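Novice: Residue numbers (the numbering used here), protein chains in the order written: chain A, 70 to 381; chain B, 31 to 323.
Glycine residues also receive a C-beta, built at the ideal position from the N, C-alpha and C atoms.
Small disclaimer: the values here were computed from a predicted structure and weren't measured.
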């Protein structure tokens, strides 16, 4: 965590804040927000600072600054919901080499709530009652938080996902999420209440649907999941665990990873599932309408991963 | 390997094998099918009033009181709210009102109108208490009135009726994550079982996304009270409303994730009521706009 101190204004509009924030850490986060604390502990959480701005005759504005260990974690929290009105505070854009679809979205507003990603801080600023004045104050506070000129790129893993697979499948960028915990995965796409992919704070994962819209307007959607482990052995064990739990009746086909090998394919109740072990990565696609699409989605992602590995 | 218990996965939902897998893998026993099948039709009432809340979310207690009266009459079939209460509780019962202050709190006005309605029915004021909290609270009560607020939940899918009693377990963390499917178990604890005389869901301003913190974009003015005596049937109706609202917001199916397995488990494993819509009789009164059923 390398964030400069945030100088929140003492007063904004008619609202003023207390001198010091309420400090929340991993020990008392559940006291502050009950089970919601699991979300933040599912990322690399450092601490939380809470300021309640009050004003005579107006409802409070609550500012929550989540100080995360890395900017990837702050990005991950914002990525759980890309809905809302994108807000630009005029900060410096990401370097051209780092630009991609989500890198330009740093803050989203809706219904009185502003959520933002600024370096390793994820912020939630919420007016208890939305009014024109409270919106102005919330946005002013958002701007104060994002004045930091550092504008790190989104996680590397996110950038490996191809935006298109052939001409048929397009990535739903507005449904892409970055995470590390199986609880967070389950809140996006349920697999199992058990941690069947051995996710933890050392892993990185991205999930997003690929969508195919036919000429007749018929929409098909497949869910793609990419997980990066510390090393190949952990990835191999995790894929074994996943197979045993999710595909117990199928013969295991985890072959030595090589680009020459085809993905393992399984016809399930909701469509085709394909997976592949690629070095320290596992790529899985769910709910594909046919075997060919499942294979293509895995292979194109694998190809991107290998290109990335070649560059690094 | 052959003794390994199966893991509940997404595939169980698609195949409709939740009950079987849950019974074997999490709860360690087989699904008591006969008990589940014995459940009959359950009535769930929905009373709504367009003027129950203004655009600033201020609740009109006079209208709310009328909504409560109508609810009580429809749920019990009695001719007025006094008779309705007295068909549910005894005058000398210690009655616990169980509201929630978490995520989407029960409106104070809902608790207040229920309390004043009980007093009007002849229940002494000193026999009515707020009963949310640890297990000592239900132990002191003869009857419970469950007053949850309609909301989704990020760890259990839905967090309305069944989750309301989680603190009664004395060990709420034992019912989190994978163990949330066991929430129905709490309703069968000896000091809880049979005490819930009415479930009245505050659905004035529900929350249809799971959080874990409130996001005003996913709250809306439904302006309703949902009630009945079958907690599972009521949760099932609440689930339907939340599901329909999510679909309306995104313009495409937006299933709750994780899926609310506690609802089906409450039916098929714990026998608390029915989660099958075909066994639920829904009666709605008042405002029809976006009923979502």
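1. Is residue 346 of chain A close to chain B? Criterion is C-beta to C-beta, closer than 8 Å.
2. Please name the residue, chosen from B/173, B/244 and B/291, that lies closest to residue 265 of chain B on a Cα-to-Cα basis.
3. Check the Cβ of residue 401 of chain A against every Cβ in chain B and list those closer than 8 Å, keeping chain order.
4. If we ignore side chains and look at the alpha-carbon of each, how far apart do residue 246 of chain A and residue 159 of chain B end up?
5. Helix, strand or coil: which one does DSSP assign to residue 322 of chain A?
6. Counting contacts by CB-CB distance shorter than 8 Å, is residue 136 of chain B in contact with chain A?
7. Any contact of the stretch 31 to 50 of chain B with the stretch 227 to 239 of chain B, i.e. 3+ C-beta pairs under 8 Å?
8. Compute the Euclidean distance between the alpha carbons of residue 40 of chain B and residue 306 of chain A, then round it to the nearest angstrom.
9. Report yes or no: is there a C-beta of chain B within less than 8 Å of the C-beta of residue 126 of chain A?
10. With 9 Å as the limit, tell me which residues of the stretch 296 to 321 of chain A have their beta carbon closer than that to any beta carbon of chain B; keep them in chain order.
11. Which word fits residue 407 of chain A, buried or exposed, when buried means at least 16 other C-beta atoms lie within 10 angstroms of its C-beta?
12. Buried or exposed: where does residue 162 of chain B fall if 16 or more other Cβ atoms within 10 Å of its Cβ makes it buried?
13. Output yes or no for whether 8 Å exceeds the beta carbon distance between residue 118 of chain A and residue 90 of chain A.
14. What's the gap between the Cα of residue 240 of chain A and the Cα of residue 277 of chain A?
15. Determine the chain B residues that contact residue 258 of chain A at a beta-carbon separation under 7 Å, and present them in chain order.
16. Just reading off the alpha helix (DSSP H) that residue 298 of chain B is part of, what are its end residues?
17. List the residues of chain B that residue 262 of chain A touches, going by C-beta distances under 9 Å, in chain order.
18. With a floor of 4 residues, list each alpha helix (DSSP H) that falls wholly inside the stretch 209 to 286 of chain B, ordered by position along the chain.
19. Quick one, which of A/148, A/235 and A/202 has its alpha-carbon nearest residue 192 of chain A's?
20. When the Cα atoms are used, what is the spatial distance from residue 365 of chain A to residue 376 of chain A?
21. I need the DSSP call for residue 76 of chain A, collapsed to helix, strand or coil.
22. Show which residues of chain B have a CB atom less than 7 Å away from the CB atom of residue 337 of chain A.
23. For the stretch 174 to 199 of chain A, enumerate the residues whose C-beta is nearer than 8 Å to any C-beta of chain B, in chain order.
24. Quick one: what's got a C-beta closer than 7 Å to residue 218 of chain B's C-beta in the same chain, skipping five residues either side?
25. Rounded to a whole number of angstroms, what is the C-alpha to C-alpha distance between residue 291 of chain A and residue 151 of chain A?
26. Excluding the 5 residues flanking residue 87 of chain B on each side, which residues of the same chain have their C-beta closer than 8 Å to its C-beta?
27. May I have the straight-line CA-CA distance separating residue 205 of chain A from residue 148 of chain B, to the nearest angstrom?
28. Within the continuous alpha helix (DSSP H) that includes residue 114 of chain B, where are the two ends?
29. What would DSSP say about residue 95 of chain A, mapped onto helix, strand or coil?
30. When you compare the CB of residue 370 of chain A with every CB in chain B, is at least one pair closer than 8 Å?
31. Name the chain A residues whose beta carbon is nearer than 7 Å to that of residue 232 of chain B?
32. With contact counted as at least three CB pairs below 8 Å, one residue from each stretch, are the stretch 198 to 205 of chain B and the stretch 99 to 107 of chain B in contact?
33. I need the boundaries of the beta strand (DSSP E) containing residue 355 of chain A, first residue and last residue.
34. Please say whether residue 242 of chain B and residue 179 of chain B have beta carbons closer to each other than 8 Å?
35. What residue does the beta strand (DSSP E) around residue 73 of chain B start on, and which one ends it?
36. May I ask which residues mark the beginning and end of the beta strand (DSSP E) holding residue 174 of chain B?
Specialist: According to the structure data:
1. Along the first chain, read from residue 1 onward, the residue named residue 346 of chain A stands at position 277. No, residue 346 of chain A does not count as interfacial toward chain B.
2. Counted from its first residue, the second chain places residue 265 of chain B at position 235. The shortest C-alpha separation from residue 265 of chain B is found at B/291.
3. Only positions 70 to 381 of chain A appear in this structure, which leaves residue 401 of chain A out of reach.
4. Translated into the one-based positions of the first chain, residue 246 of chain A becomes position 177. Translated into the one-based positions of the second chain, residue 159 of chain B becomes position 129. Near 45 Å, if we compare the C-alpha coordinates of residue 159 of chain B and residue 246 of chain A.
5. Your numbering for residue 322 of chain A matches position 253 in the first chain. Note: residue 322 of chain A maps to coil in three-state DSSP.
6. Position 106 of the second chain holds residue 136 of chain B. For residue 136 of chain B, the answer is no, since every Cβ of chain A falls outside 8 Å of its Cβ.
7. no
8. By one-based count along the second chain, residue 40 of chain B stands at place 10. By one-based count along the first chain, residue 306 of chain A stands at place 237. Approximately 21 Å between the Cα atoms of the pair.
9. In the first chain, residue 126 of chain A corresponds to position 57, counting from 1. Answer no: the Cβ-Cβ gap between residue 126 of chain A and chain B never drops below 8 Å.
10. 313, 314, 315, 316 and 317
11. Lying outside 70 to 381, the shown extent of chain A, residue 407 of chain A is not represented and no answer is given.
12. Numbered from 1 along the second chain, position 132 holds the residue referred to as residue 162 of chain B. Result: buried.
13. As a working mapping, residue 118 of chain A is identified with position 49 in the first chain. As a working mapping, residue 90 of chain A is identified with position 21 in the first chain. A contact, by the Cβ cut-off of 8 Å.
14. The residue given as residue 240 of chain A occupies position 171 in the first chain. The residue given as residue 277 of chain A occupies position 208 in the first chain. In a straight line, the C-alpha of residue 240 of chain A is about 7 Å away from that of residue 277 of chain A.
15. If you number the first chain from 1, residue 258 of chain A lands on position 189. Per Cβ cutoff of 7 Å: 287.
16. Along the second chain, read from residue 1 onward, the residue named residue 298 of chain B stands at position 268. Looking at the DSSP string, the run of the alpha helix (DSSP H) that includes residue 298 of chain B is 291 to 298.
17. Taking the first chain and counting its residues from 1, one reaches residue 262 of chain A at position 193. Those are 37, 38, 39, 56, 207, 208, 209, 210, 211, 288 and 291, listed as they occur along chain B.
18. 213 to 217 and 261 to 280
19. Here the question's residue 192 of chain A lines up with position 123 in the first chain. The residue with the shortest Cα to Cα distance from residue 192 of chain A is A/148.
20. Against the first chain, residue 365 of chain A aligns to sequence position 296. Against the first chain, residue 376 of chain A aligns to sequence position 307. Residue 365 of chain A and residue 376 of chain A: Cα-Cα distance of roughly 16 Å.
21. Taking the first chain and counting its residues from 1, one reaches residue 76 of chain A at position 7. Looking at residue 76 of chain A - three-state DSSP - the assignment turns out to be coil, as it is neither helix nor strand.
22. Position 268 of the first chain, counting from 1, holds the residue named residue 337 of chain A. Within chain B, the residues near residue 337 of chain A are 41.
23. 179, 180, 181, 182, 193, 195, 198 and 199
24. Taking the second chain and counting its residues from 1, one reaches residue 218 of chain B at position 188. Same-chain partners within the cutoff: 300.
25. Position 222 of the first chain, counting from 1, holds the residue named residue 291 of chain A. Position 82 of the first chain, counting from 1, holds the residue named residue 151 of chain A. For residue 291 of chain A and residue 151 of chain A, the distance between alpha carbons rounds to 19 Å.
26. Locating residue 87 of chain B in the second chain gives position 57, counting from the first residue. If we look at residue 87 of chain B and ignore the five residues flanking it on each side, its Cβ neighbours are 235 and 251.
27. Within the first chain, residue 205 of chain A is the residue found at index 136, counting from 1. Within the second chain, residue 148 of chain B is the residue found at index 118, counting from 1. Taking the straight line from one Cα to the other gives about 45 Å.
28. Position 84 of the second chain, counted from the start, is the residue given in the question as residue 114 of chain B. First-last of the alpha helix (DSSP H) with residue 114 of chain B: 111 to 118.
29. Here the question's residue 95 of chain A lines up with position 26 in the first chain. Coil at residue 95 of chain A, not helix or strand.
30. In the first chain, the residue the question calls residue 370 of chain A occupies position 301. For residue 370 of chain A, the answer is no, since every Cβ of chain B falls outside 8 Å of its Cβ.
31. For the purposes of this step, residue 232 of chain B is taken as residue 202 along the second chain, with counting starting at 1. In chain order: nothing, as chain A lies at least about 18 Å away.
32. no
33. Position 286 of the first chain, counted from the first residue, corresponds to residue 355 of chain A. 350 to 357 is the extent of the beta strand (DSSP E) around residue 355 of chain A.
34. Start at 1 with the first residue of the second chain, and residue 179 of chain B comes out as number 149. Start at 1 with the first residue of the second chain, and residue 242 of chain B comes out as number 212. For residue 179 of chain B and residue 242 of chain B, no; Cβs fall outside 8 Å.
35. As a first step, residue 73 of chain B is located in the second chain; it is residue number 43 there, counting from the start. It spans 72 to 78 - the beta strand (DSSP E) in which residue 73 of chain B sits, taken as one unbroken run.
36. The residue you call residue 174 of chain B lines up with position 144 of the second chain. That run of the beta strand (DSSP E) goes 173 to 177.
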